[in-house]
Every structure is written in structure tokens, then in C-alpha cells.
Ligand code: URA
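Numbering (my numbering), first residue to last: 492 to 934.
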């Protein structure tokens, strides 16, 4: 397509691309009329020049239209999903999806795999024996209609342009662009055919976005894409300077989610899960104030209906639902050893990214997209930031199978954990809400 060169030039020189321009470029790319090298040049021009809100929404639409958009109109319930930009120990999906479904929403959750120091929902679900994260779309819709939630991986038919563009971004140093990230995430989420979306934009060392400013900008841009597509979106910016919860590693995180659904979850994990689920109830119109929405979450948790729903989802997707009562059915590491403190004092910091690398060293994460992970291994913290610690006391436990990486995991943990003589003021986990004026009075 000759016009591609013209459009690349326009963006290169700081011009604005129209809705039609994006439709032609993405359509052309998918039909093979725009070459990968042209798309790569365009991506770099976008990376350097940026996109305004309107352009980002139009790019998102073109990407969305590259594939199928699910039609959920036969499901009478409000269709609401949650997406997180990812972090270390971030396992809220396995708590939120069942509670939201038990609370009257339909949750069509299409998730990603973990890469680098961050974990992915699919890897956690894949650690459940029998659980099928690769359902075809028709089966996915059947499970959704029957249980109120279904959780699968990306399929080839939803937003295929994102896969093509992401593969090019990955090798052309154009991943870290707020408009490109926003369009990538939102094209996939809007393809689910949802009415509303709660976003968890992580911030801090363990997150994709390291600073509050970047995280806020990403949240704002995704919310503006939602508004342009008449989909209610609210984002929470949440802390990822320390792992979320105590467990990092796939099967270990599944156990922590089940424990949370049994009412025994760590405070910060529970707080983020509760707040995001409450936002979903509010956006879905099930409750009209944040207070009521939070109380709905609390009631479902206390009644055990969230746990029951999780077992039902596992069963519906072919997994062994008995894991909720019998953790020995999950993959278990052959060895376990404590990581003890050399000093006394208070835990001042557990730096998330380095903990993620330590878990990856044990085999819990992927260095490359095609790396094989070990679902059993990981780290479970016995102490949280702010807790007192005595010399010789365990801070965490390492669960391992391959001893050759143990030394590097230990060294990374040594680096990640800081101990101070005084207790530091606790850092809130929910930092911002964007936008702040969603009907229903989120304050
Ligand atoms: N996650 C996505 O889905 N897309 C990006 O571009 C970055 C993170």
C-alpha cells in the first residue's frame, strides 16, 4: 500500500492520523499489504511522537476490528472484567472472578501468561490439574453462561492485530509507549464484549510502570479509550513496590487464593481484591455505592460462596475441584528450606522485582516466551513489611526442585529484603482512582 509510506511520514513529522488512517494501516497489515518493516517504522514514529487520546482510541478500534468481538447479548447479567498490568504475587483474578460471579456479574476473563519477573494468571490456573485454559470461544461462552465466569488465554480470533504489533514492538524497542500499551490492552479487553472494566494499574519496582506518573498516565489513557468505546472503566493505581500477598510461584499462589476465599488471606491482597471487585459491582450496576459494593464482597466471602464458585469454575473447565480442600493434589516442590534473617529489627522492604527474579531463578517464571516453568516452586513469605523480625527467624520459605539455582535465588532474596531498626510507616496499597467521578460515588 503506497499510502502507508505517506502515513508513516505524517506521524514521523508529528502529524495526527485519522480514524480512517488507522483502519487502513491495521487492515493493510492484517491483509499483508502493509509490510512488517512499514509497521515497525510506524510503531517507532508513534513511540517517538506519541498519539493523542482520539488517535489512541482510533488505533484501539482498528485493532479491535481486526478480529472477532464477542457477542454476549444472550447473557442477561452485566458483563464486567478486571485487568491488571501485572506484578509479583499478583493473583487477584483467582479471588475476584469467583466472588464477582457469585455476586451476580458475568466475568469473561481472557488473560495472559507471565513473562520475566511477573507472573501470569494463566500459569497459575495451569498448575491446577486438568484445568483447561485453552477452551475454544464457544466452550468459553458456555462455561461463562453456566457459571458466571470463565478464564482462558488469548485466542487467535480476538484482536489478532495486537499479536502482530506486539511481536514487532518486542524486537524494535517500542514496547514502552503509553499509547501503544493502552491500545494493546484495551483492544483485547474490548474484544470480550464487556459492559465495563476494572483496571488494576500497578506501580513500583515490580510493575511494568515504575513511577506513579507513568502509571497514572497509563490508567488515564486506558480510561479514555473505554469512554470513547462506551465501556465504563475505572482504574485503581495500586502499589507493586512489594509482592502482593505472601506467595510467589504458581501452585503456591493458587493455595493462597483458596486460603483468601476461605477468609484467611493476607491483608493487602484482600484489600486490592475487595476494592477491585467492589468497583466491578458498581460499574456493573449491581450496587450503587462503593460501601454497599464492598459489603457485597464481604458477605460473599464470609458465606463461602466465593470458594464454592471457584470450585464450580474449576470443575466447568475440566479441573480437579477437590484441590480447594486438598492442596496435596496440586504440584508440590520436593524440597523446602527457610530463608532466615541475620539481623533483628523490622522488615523495612521486600523489593518486588528482585523477589520476582528470585522466584524466576527457582523456575517459577519465564525468561522467554517459550521457557518452561515449574508450577510447584516459589517463595512464601512468613513476614510482611512492618513486621518485627529476630535474628535467626525465617523471613520466607523457598520451595525448590532444582538445586542448581538455589544459590542465586538466595542471593537475590538477600538483596531484596531490607531490615531496619525502626518500624517504617505502612505504605497504602491503593494509591489512586482514575477517573474519580464514576457514577455511584466512588470517592
Ligand atoms: N500488556 C499488553 O497486553 N500489551 C502491552 O503492550 C503491554 C503489556
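Even for Gly, the Cβ is constructed at its ideal location relative to N, Cα and C.
- Within the same chain, 601, 624, 625, 626 and 631 come within 7 Å of residue 643 by CB-CB distance, once the 5 residues on both sides are set aside.
- Sixteen is the threshold: since fewer than 16 other Cβ atoms of the shown chains lie within 10 Å of the Cβ of residue 826, the residue is exposed.
- For residue 895, the secondary structure class from DSSP, reduced to helix, strand or coil, is helix.
- In the structure shown, residue 911 falls within a strand segment according to DSSP collapsed to helix, strand and coil.
- Taking residue 890 as the centre and dropping the five residues before and after it, the same chain places the C-beta of 824, 827, 868 and 869 closer than 6 Å to its C-beta, in chain order.
- Annotation for residue 636: 566 place their beta carbon closer than 6 Å to its own, counting only its chain and skipping 5 residues before and after.
- The DSSP-derived three-state label of residue 676 is helix.
- At the C-beta level, residue 570 and residue 685 come within 8 Å of one another.
- For the pair residue 534 and residue 655, the CB atoms are not nearer than the 8 Å cut-off.
- Annotation for residue 547: the continuous alpha helix (DSSP H) segment containing it runs 544–555.
- The three-state reading of DSSP puts residue 890 in strand, counting E and B together.
- Per DSSP, the continuous beta strand (DSSP E) segment holding residue 871 begins and ends at 869–872.
- DSSP places residue 636 within a helical segment (H, G or I) once states are collapsed to three.
- In the structure shown, residue 884 adopts coil according to DSSP, grouped into three states.
- When distances are taken from the beta-carbon of residue 672 to the heavy atoms of the ligand URA, the shortest one is below 7 Å.
- Of all C-beta pairs linking the region 696–715 to the region 740–749, fewer than three are shorter than 8 Å, placing the two stretches out of contact.
- For residue 727, the enclosing beta strand (DSSP E) starts and ends at 723–730.
- Annotation: the continuous beta strand (DSSP E) that includes residue 830 extends over 826–831.
- The beta carbon of residue 650 is closer than 7 Å to those of 554, 555, 557, 558, 678, 679 and 682 in its chain, skipping five residues each way along the sequence.
- Our two residues, residue 667 and residue 539, have alpha carbons roughly 11 Å apart in a direct line.
- In this structure, residue 884 lies near residue 832, with their beta-carbon atoms less than 8 Å apart.
- Taking non-hydrogen atoms of the ligand URA into account, the C-beta of residue 603 is found less than 7 Å away from one of them.
- Within the model, the alpha-carbon separation for residue 798 versus residue 587 is close to 11 Å.
- For residue 680, the distance from the CB to the nearest heavy atom of the ligand URA is not below 7 Å.
- The shortest CA-to-CA distance from residue 723 to any of 687, 757 and 694 is the one to 687.
- With a threshold of 16 other beta carbon atoms within 10 Å, residue 879 falls short and is exposed.
- Boundaries of the alpha helix (DSSP H) around residue 782: 781–794.
- Annotation for residue 593: 791, 796, 797 and 800 place their beta carbon closer than 6 Å to its own, counting only its chain and skipping 5 residues before and after.
- Cβ-Cβ distances below 6 Å link residue 737 to 757, 871 and 872 in the same chain, with the five nearest sequence neighbours on each side left out; the list follows chain order.
- The region 838–847 and the region 604–615 touch, with three or more beta-carbon pairs separated by less than 8 Å.
- Counting the other Cβ atoms within 10 Å of the Cβ of residue 574 gives 16 or more, which makes it buried.
- Shown here, residue 617 sits in a helix according to DSSP, grouped into three states.
- In terms of Cβ geometry, residue 741 and residue 864 form a close pair [threshold 8 Å].
- Residue state for residue 694 is assigned as strand, using DSSP reduced to three classes.
- In this chain, residue 564 is not harboured by any alpha helix (DSSP H), its DSSP state being neither H nor E.
- Between residue 728 and residue 706, the C-beta spacing is below 8 Å.
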